[in-house]
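Numbering (my numbering), first residue to last: 1 to 262.
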């Protein structure tokens, strides 16, 4: 005859069941967000050692043109997502990976959706609002300048990689990074981001995005003594993001930045 379970054994079983019910999913997780009446898919990366008792930094990553789509997956395979899979310890942070629809660009609704995904992530997890970072590559480097200009009080640091600020012949017709009524674009950009630590990266021999796309905004920022760093990879082409995101120096710099309250 089976004896009923009493005392410590019953309590242990109850605690185990409760722990399993409350177990938090980690890794790359599918999410959706609605912005401007349109639904966008995105992913978030939750470190395996995430604990709600700690306020975690957050990174918003903007992918390039080749990762556009509606599946919500490809944007994690290039750039920062690839770097995390290679060495998760280098980026101990929650990371938000929005995706641009086909034949679209970041400026406009896609950037609004990316920012909404960031806000949803910060509401759902225990995050540090003074350690929110923005980075992107190529088309996402352009989007990085766009979002940074519109939310300079949110980001503790910004890192555009092989991006640009003005027009690009392959990507015309998008919302300008700097609104036309703000005056000349680069001086206005520099004034807006003067208090935000920025590290810009570009390949000297980039055949897709001219290196002036990095040099020009860097010079405008330097002209007003903003906190800007610039790395130009000599002899390298468009893909300089692998070297950047694999860099311990970059990761250490990024996580050392704190939001500056104006």
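In this text, a Cβ means the ideal position worked out from N, Cα and C, and glycines have one as well. Since we're looking at a predicted model, the values are computed, not measured.
Check: At least three beta-carbon pairs within less than 8 angstroms, the segment 120-138 to the segment 156-172; Outcome: yes
Check: Exposure label - residue 189; buried when at least 16 CB within 10 Å; Outcome: buried
Check: Through-space distance from residue 53 to residue 25, alpha-carbon basis; Outcome: 16 angstroms
Check: Between the CA atoms of residue 49 and residue 83 - distance to the nearest angstrom; Outcome: 18 angstroms
Check: Contact set for residue 78: own chain, Cβ-Cβ below 8 angstroms, skip 5 residues either direction; Outcome: 63, 64, 66, 67, 137 and 241
Check: Straight-line Cα distance separating residue 34 from residue 103; Outcome: 19 angstroms
Check: Supposed close pair residue 150, residue 195 - CB separation, criterion 8 angstroms; Outcome: About 15 angstroms separates the two Cβ atoms, so there is no contact after all.
Check: 7 angstroms CB neighbourhood of residue 206 in its chain, flanking five on each side removed; Outcome: 162, 237 and 238
Check: Cβ neighbours of residue 22 in the same chain (closer than 7 angstroms, five flanking residues each side left out); Outcome: For residue 22, the pLDDT reaches just 49, beneath the cut-off of 50, and the residue's location in the model is therefore unreliable, although a value from the coordinates is still provided. For residue 22, where only same-chain residues beyond five positions count, there are no Cβ hits under 7 angstroms.
Check: Contact check, residue 69 vs residue 110, beta carbons under 9 angstroms; Outcome: no
Check: C-beta contact flag for residue 118 and residue 152 at 9 angstroms; Outcome: no
Check: Given 8 angstroms, three or more beta-carbon pairs between the segment 169-176 and the segment 220-237; Outcome: no
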